[in-house]
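Numbering (this note's numbering), first residue to last: 519 to 798.
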Ligand code: GLN
């Protein structure tokens, strides 16, 4: 079996299962097995692959046929400017979440020594990207999942950020430590009833805890806002990712908790995705 044939065969089986990025997925998984980049696959398409590599490749394709996300199969996901190690204990970083990083950078252009908190760190893609961009910032992260904190620590070490990061296993209700210039969060905000509209890839494999926003999608957002109003210094900011249809509800909750709404930012799909507010 050569590289090209194996990829073609795999790609056809993925197409049958209506997997949209069949060819790309097959190439990415072949790259992983051979430990070579995609360019190598194209330049060496007629090279024979060993039985063992072929077996491993077919195993990965079999998982992909069951809708396991590519990022969980490769164990990595690019976000912002970096590559993050991930596994099934953490939500896969989403490109639209990069908007949150942009908003932090825009609001803190000339600010140094900011002490910030992230509620629900997951893989660490948000807190670590911010720490990487802003060398004088100190970050604290909390997450309910011990396993996700492990992933975040690996990523912090890889990016050389451990000395400016403190992590705590805690839920929002029980965290009382410190006062912050800034709080960021991408809390779970999917309505239970909307779960049926999500792709199989998401529903079957991603941690429900990181997505489930309760009946109205706002259960965690309410808690994050309430807790942030206690933990943020006056004039400090809360920068929050929200679902595209939550703007009005979230504004109301923020106002009720003494926040002033600065801005609602749209993602690349022109959907309301990020809300920036100031504690007054
Ligand atoms: N944007 C994610 C999704 O729809 C949800 C992330 C979240 O709940 N914070 O898959």
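Quick reminder that beta carbons are idealized off the backbone N, C-alpha and C, glycines included.
Query raised in the report: residue 592 lies in the alpha helix (DSSP H); which residues open and close that run?
Result: 588-592
Query raised in the report: Helix, strand or coil for residue 535 per DSSP?
Result: coil
Query raised in the report: Relative to the ligand GLN, is the shortest distance from any of its heavy atoms to the C-beta of residue 616 smaller than 7 Å?
Result: no
Requested in this report: Leaving aside the five residues before and after residue 590 along the sequence, list all residues of the same chain whose C-beta is less than 8 Å from its C-beta, in chain order.
Outcome: 604, 605, 606, 610 and 723
Query - the stretch 774-791 in contact with the stretch 611-624 per 3-pair CB rule at 8 Å - result: Cβ pair count under 8 Å is three or more, so yes.
Requested in this report: Out of 658, 675, 680 and 685, point me to the one whose CA is closest to residue 667's CA.
Outcome: 685
Requested in this report: Give the DSSP-derived three-state secondary structure of residue 612 in the structure shown.
Outcome: coil
Requested in this report: Give a single yes or no on whether residue 715 has its beta carbon closer than 7 Å to a heavy atom of the ligand GLN.
Outcome: Result no, Cβ not under 7 Å from the ligand GLN.
Query raised in the report: Around the C-beta of residue 530, are 16 or more other C-beta atoms found within 10 angstroms, so that it is buried, or is it exposed?
Result: exposed
**Report entry** Option nearest residue 738 by Cα separation, candidates 714, 766, 762 and 709
**Finding:** 709
Query raised in the report: If residue 551 sits next to residue 571, beta carbons under 8 Å apart, how far is it from one beta carbon to the other, in whole angstroms?
Result: Indeed, because the Cβ distance is near 5 Å, the residues count as touching under 8 Å.
Query raised in the report: Do the stretch 558-569 and the stretch 626-644 make contact, defined as three or more Cβ pairs closer than 8 Å?
Result: no
**Report entry** Three-pair Cβ contact test at 8 Å for the stretch 697-716 versus the stretch 749-764
**Finding:** yes
Requested in this report: Would you tell me roughly how many angstroms separate the C-alpha atoms of residue 596 and residue 542, rounded to the nearest one?
Outcome: 16 Å
Report task. For residue 732, verify whether its CB is less than 7 Å away from any heavy atom of the ligand GLN. Result -> Checking the Cβ of residue 732 against the ligand GLN gives no.
Requested in this report: Quick one: grab the DSSP three-state call for residue 597.
Outcome: strand
Query raised in the report: Taking all protein chains shown into account, do 16 or more other C-beta atoms lie within 10 angstroms of the C-beta of residue 594, making it buried, or fewer, making it exposed?
Result: exposed
Requested in this report: Answer with buried or exposed for residue 658, where buried requires no fewer than 16 other C-beta atoms within 10 angstroms of its C-beta.
Outcome: buried
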